[in-house]
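As structure tokens, the structure follows; a few thoughts come after it.
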Amino acid sequence: MTFSLKSNFKLSEKRSLLITADKAILYQCRNGQVDIAYEFSSDEDGREQFTRCLTETNRSPIYILVDIVEEEYRQDVIPHVFGADRKSVLERKFSRLFRGTGYCYALTQGRETEGRKDDKVLLTAITKPDVIQPWVELIQEQTIPIAGIFSLPVLSQRLLKKIGAKGPNILLLSVQSASGLRQTFFRDRQIKISRLAPMPRLGSVPYASHLMGELEKLRRYLNSLALISNEGPLEVYILSHGEWLNELEQHCRDTVDEKFFLLDVADVGVRLGLEKKLTTAYSDTIFNQLLLDESPKNHYASTDETKYFTLHRARNGLLAASFLLLLGSMGLSGFNFLDAVSLKQQALDAEQKANFYQDRYAMARQDLPPTPVEPHDIKTAVDIVDTLRHYKSSPLPLLKVIGGALEETPKVRLDAIDWYFAVDPNASGELNSRRKQSVEGEQIERDPKYSHYHIAVFRAHLQQFTGDFRGAIRQADELVKRLEQQPDVKHVKVTKYPLDVTPDASMSGTATEATASDDARFTVRIVLGVTQAQAKTTVRHDTFTKLGVERQIAAYDIGDTGAWRSDSRSLE
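Note that my numbering gives residue 533 to position 531 of the sequence shown, counting from 1, and the numbers run on in steps of one.
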């Protein structure tokens, strides 16, 4: 026997192994069709050839189909339970009915109509596991996936739909070259019992006579068990071919209790989608093709026997997922590539436009008279001037607050005021530092309701001072309290008292009474908040800061004539 090693691998490739009492037949598949069959005897030489075949052919999964005499069927009922309870009930049934075998299967066939409405089940088992275990062990030694171990009679139930059998009592007869005559009875299209009888070599005995004799034996057995329903006759479906089919037509006569349907194996193969026309009376290919097409749920194989098939399916799932991810990545990469090409083209167009306008600008600039300042700097200066024009501020609100407090303290004489307008309540009026803080130690927090601040530092003295410095300090504190009571006053503080009373200060003077020329001078810093509604401009602060202007400063001196002199400046 010669085998050819297949190096290619396909996810859809399958194989089936038909095991009988004295041989095994391995069916290779090609494009979903049963194509090649290798036959192996059950002796040591046959098993060595089977091992060689497994090593030299592809490693696709194997579906094991069993057609042996040592398969029993029992009708029973079990409680209508699920999960672990059902498994436990079935294990007790199997251990009592089928001893010494682990190849057991339960097929649910409806429920009873009365009482507890228990489940009707067909319990099947391979009572002689030694027939199939050697073949299974050889497959496991090669770590080839076993998809399951399946019963040919149970699988034949799926053939009824293919051949159009719909009666209440159906008897299916088929001849397999490896096993013999298989007779399976179905009640309401559910398997009830099956019998395997030896079949002589075709041509050695009258084919139709022998088959009808075996049929009569089974019919009498069915009558003894009262399995045939009274709702209709026994419909007998026989699969055969050629001259044997013609011979059967002469012996099969329909009666009230029996109706015969003779089916050509070749026609059944066409219904199953076989491209190669069958020219034999044997149905081996029919059942193996049905097994590979249907891929039913496992019947007899244990978890340990199907572990490589579980890994095989997981591998195929990962390969499929990887392929889908690859396709998705390629599609996404294609979209990204198209976007990149589009953006690249837009960038080239923008660059061409920029170069075009840059050349135009350079040509237009050549005709202009030379200027000592670059146009960009001129634009910045114009923007600053325009912003200052729209951002003018007046010290009048602050002077009203200070004037109201001085009106209540007539002894205080105002000497000078330094005023500036800023967005920071801690800003100072120093021109040499844009962000120098005016208050040492204590920092004033910005209030969200104020957009700007009027800040003033004014110097004053007390008239008709008699040398009472304690009273002068009290007068300065009273002025601060009156200022704090004014609306929108954020902060008021005396920065310099008439007399420095700190611990590290030194004092000197005479014991004589103070003269009229002596005075008590002090300095006060006041911060007045300005809300957005009170502001005279809608210019945003970030634009104002970007232009380099943060506050406006004005100094006012009061001379002997009482006239105001102001100096308005910016920090730049």
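No residue lacks a Cβ here, since even glycine has one placed at the ideal position from N, Cα and C.
Quick check: the Cα distance between Thr22 and Leu327, rounded to an integer number of angstroms? 45 Å
How should Leu163 be labelled, buried or exposed, when 16 other C-beta atoms within 10 angstroms of its C-beta is the threshold for buried? In the sequence as displayed, the identity of residue 163 is Lys instead of Leu. When all chains shown are included, Lys163 counts as exposed.
Where the alpha helix (DSSP H) containing Cys55 begins and where it ends: 46-58
Unbroken beta strand (DSSP E) run spanning Ser43, endpoints: 35-43
Can you check the region 252-283 for any beta strand (DSSP E) of at least 3 residues that lies completely inside it and give the ranges in chain order? 260-266
DSSP has Phe84 in a bridge; who is on the other side? According to DSSP, which records beta bridges pairwise, Phe84 is partnered with nothing at all.
Determine the closest residue to Gly150 out of Asp420, Val526, Tyr310, with distance taken between C-alpha atoms. Tyr310
Leu481 vs Val387 beta-carbon contact at 8 Å: no
Taking only the alpha-carbon atoms, compute the straight-line gap between Val441 and Leu370 and give it to the nearest angstrom. Low confidence applies here, because Val441 scores a pLDDT of 45, under 50, leaving its location unreliable and the question unanswered by this model.
In this structure, does DSSP put Ser211 in helix, strand or coil? helix
Skipping 5 residues on each side, what residues in its chain have a beta carbon closer than 7 Å to that of Asp37? Gln30, Cys31
Go through its chain and collect everything with a Cβ distance to Asn10's Cβ below 7 Å, but skip five positions before and after it. At Asn10, the pLDDT of 40 sits below 50, so the modelled position is not reliable; the number obtained from the coordinates is stated separately. For Asn10, where only same-chain residues beyond five positions count, there are no Cβ hits under 7 Å.
How long is the line joining the alpha carbons of Lys16 and Leu236, rounded to whole angstroms? 36 Å
For Gly57, which residues from the same chain have a beta carbon less than 7 Å from its beta carbon, with the 5 sequence-adjacent residues on both sides left out? Sequence check: residue 57 is Thr here, not Gly. Cβ within range, chain order: Gln144.
Expressed to the nearest angstrom, what Euclidean distance is found between the alpha-carbon atoms of Ile128 and Phe337? 59 Å
Within 10 angstroms of its Cβ, does Thr308 collect 16 or more other Cβ (buried), or is it exposed? buried
Do the region 90-108 and the region 73-81 make contact, defined as three or more Cβ pairs closer than 8 Å? yes
Applying the criterion that 16 or more other CB atoms from any shown protein chain within 10 Å of the CB defines a buried residue, is Tyr302 buried or exposed? buried
Based on DSSP bridge pairs, tell me the residues matched to Ala342. Paired residues: none, contrary to the question.
Taking buried to mean at least 16 other C-beta atoms within 10 Å of its own C-beta, is Arg255 buried or exposed? exposed
Got a sec, what are the start and stop residues for the beta strand (DSSP E) Asp121 sits in? 121-128
Less than 6 Å between C-beta atoms, sequence neighbours within five positions excluded: which residues of the same chain meet that for Val494? Val482, Leu485, Glu486, Ile528
Is it true that the region 165-185 meets the region 197-207, where meeting means three or more beta-carbon pairs spaced less than 8 Å apart? yes
How far does the alpha helix (DSSP H) with Arg476 in it extend, from its first residue to its last? 471-486
In whole angstroms, give me the CA-to-CA distance for Asp24 and Asp306. 25 Å
Based on Cα-Cα distance, which residue from Lys122, Lys402, Arg118 lies nearest to Leu92? Lys122
Buried or exposed: where does Thr540 fall if 16 or more other Cβ atoms within 10 Å of its Cβ makes it buried? Note on Thr540: pLDDT 35, under 50, position unreliable in the model; the coordinate value appears next. Thr540 should be labelled exposed.
Which one or two residues does DSSP pair with Arg415 in a beta bridge? His463
Which partner residues does Gly182 have in the DSSP bridge list? Gln178
Close-in-space but distant-in-sequence residues of the same chain around Ala210 (CB under 6 Å, 5 per side omitted): Glu249, Leu250, His253
Do the CB positions of Leu229 and Lys194 come within less than 8 Å of each other? yes
Leu274 to Glu114 span [Cα, whole Å]: 35 Å
Between Arg54, Tyr40, Leu20, Pro63, which lies nearest to Leu313 when the distance is taken from Cα to Cα? Pro63
For Leu326, three-class secondary structure by DSSP: helix
In terms of residue numbering, what span does the alpha helix (DSSP H) encompassing Val156 cover? 154-157
Can you tell me where the beta strand (DSSP E) with Ala2 in it begins and where it stops? Since the displayed the chain opens at 3 and closes at 574, residue 2 lies outside it and no answer follows.
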